[in-house]
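Read the structure below first, then the notes.
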Amino acid sequence: MAEGGTLPTIYPPSKRSGHASSSAGSSSAEAIVQPTVQEAFQRQASYGPSSHRAKEINHAIAYCIAKDMIPIYTVAKPGFLKLMKTTVPLYKVPSQKFFSKTELPKMYNSLKEDVGKRIAQGKWYAATTDLWTSSGGSGHPYISFTIHYLTDWKLQSNCLETQFFPEDHTADNISEFFDNMLQEWGINKEFFVSITTDNATNMKKAFETSDTTTFPGQWFGCFGHNLNLAISKALKIQRVDTAVRSCRHSVQGFSRSWKRRRELRNKQEALNVPQRSLIHDVVTRWGSTQKMLQRFIEQQQAVCAVLATERGAWHLMPKDADIAVIEQVLQILQPLSAFTDALASESRVSLSALRPVLSHIISDILEVKNEDSALTIDLKRVMKSDHESRYSVDAKKVMDLTSFIPGLKEAFLMTLMPRSTAVLRKPQNWQR
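According to UniProt numbering, numbering within the sequence shown proceeds without interruption in unit steps and concludes at 432.
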């Protein structure tokens, strides 16, 4: 007790009365906001870095970064931090360095170990590989490698590498990358039966059997790439190239003018034409060229109606001869479009279907008919000749043998190469 027998002033005066309160409890409630039991507990119970919950969230964030391929620096951005603070207030987001140096490498090593165990269950392997360039202004070169194998009669596929590849893209450098990668994964090259790449000379030289290469399996050119090369060659026929350029020029005229695009919408509505935008093609992909031509023919009436009202844009209007050429080209490209990605699959062995598909394309779709125009005949002959030159004798033999799956055997037997047919018709000659 203080001198004079009075209690010391612990609480401030009441704001309502202006005098010292005679009730300590009521004054405390007015002056100090006491945290609830739950709030007080939460302040003391933030997730520590080694807690189970923090590790769970760390793993989830790392998974998100890896799976969705988002930049690692996202974890330091204000929006992300606000999101985490709101949804998980007890969790403190680790630094960008933690994810790049600790969590993501740990996840990668764990996954690599798991994939390695699965690959070890396979006996024979096939592979696909490709060189590609990243989008955007950087245009960095990369090489990817995917392995295919069977476990319990189920086809498995794993992309083992996607690696920055700034070196010269020579056959020797590609072959060295392949050997180093197999060594890292502990895979014996002798158990590879085939590899599929595009038809670039460096890829063929790296994996085709020769005195300078040691790849033991059969090299196959990508069917989709072969189809693209054959069609691209046909599209270079002068009359066709002129018509395609004319169409592309018209599309560019609309893509560069908001006014024309706006008027196109109005004309589409007035003429009861589907309200769709024109498509600009990617020169290296014939499928996009086919879509551009098809969309232009669909929108031809509306396009010409817009250009007719603008005297300075009359040069963008294709000639009737160009339209006639485009229509003939589309008659051939339309049935081929179904085969662009027909054999692109990681869930089934597509090589077995390659011979029948090629036979259908060459013997049916590209077969010259009496009613074909001179231009159509030229297109078919160019595509057919290019297709037939893309597959070596050894590759055709392998395709013949792999075609004998139950669903194809009876219907396809008579179209095979004579030697393969003779062997398969005389099973008594086989040595067990």
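Backbone N, C-alpha and C define an ideal beta-carbon position, used for all residues, glycine too.
Model, not experiment: these values are computed from the prediction.
Using a Cβ distance threshold of 8 Å, Leu-375 and Arg-239 count as a contacting pair.
Membership of Gln-238 in any beta strand (DSSP E) is not indicated; the residue belongs instead to the alpha helix (DSSP H) covering 238-255. Your pair Ser-51 and Ile-72 does not check out as a contact, with CB atoms roughly 23 Å apart and the cut at 8 Å. For the pair Glu-263 and Val-306, the CB atoms are nearer than the 8 Å cut-off. Contact annotation: Phe-178 and His-140 have beta-carbon atoms that are not nearer than 8 Å. Distance from the Cα of Asp-378 is smallest, within the candidate group Arg-348, Lys-259, Ala-230, Leu-271, for Ala-230. A straight line joining the alpha-carbon of Asn-173 with that of Thr-133 spans about 17 Å. Under the three-state reduction of DSSP, Asn-199 is assigned to coil, being neither helix nor strand.
Here the C-alpha atom of Ile-61 lies approximately 18 Å from the C-alpha atom of Ser-46. Straight-line spacing of the CA atoms in Met-203 and Ala-171 works out to 6 Å. Counting along the chain, Ser-345 sits inside no beta strand (DSSP E), nor does DSSP assign it H or E at all.
By the neighbour-count definition (other C-beta atoms within 10 Å, threshold 16), Gln-299 is a buried residue. The DSSP-derived three-state label of Asp-152 is coil. Taken in chain order, the whole beta strand (DSSP E) runs of length 3 or more contained in the stretch 165-197 are 192-197. Of all alpha-carbon atoms in Glu-176, Gln-275, Lys-380, the one lying nearest the alpha-carbon of Lys-233 is that of Lys-380.
Counting only the Cα atoms, Gly-48 lies some 7 Å from Ala-54.
According to the DSSP assignment, Ala-308 belongs to the alpha helix (DSSP H) that extends over 300-308. Ile-70 carries a coil assignment under DSSP once its states are collapsed to helix, strand and coil.
For the pair Tyr-63 and Ala-120, the Cα-to-Cα distance works out to about 25 Å. In terms of Cβ geometry, Leu-235 and Trp-286 form a close pair [threshold 8 Å].
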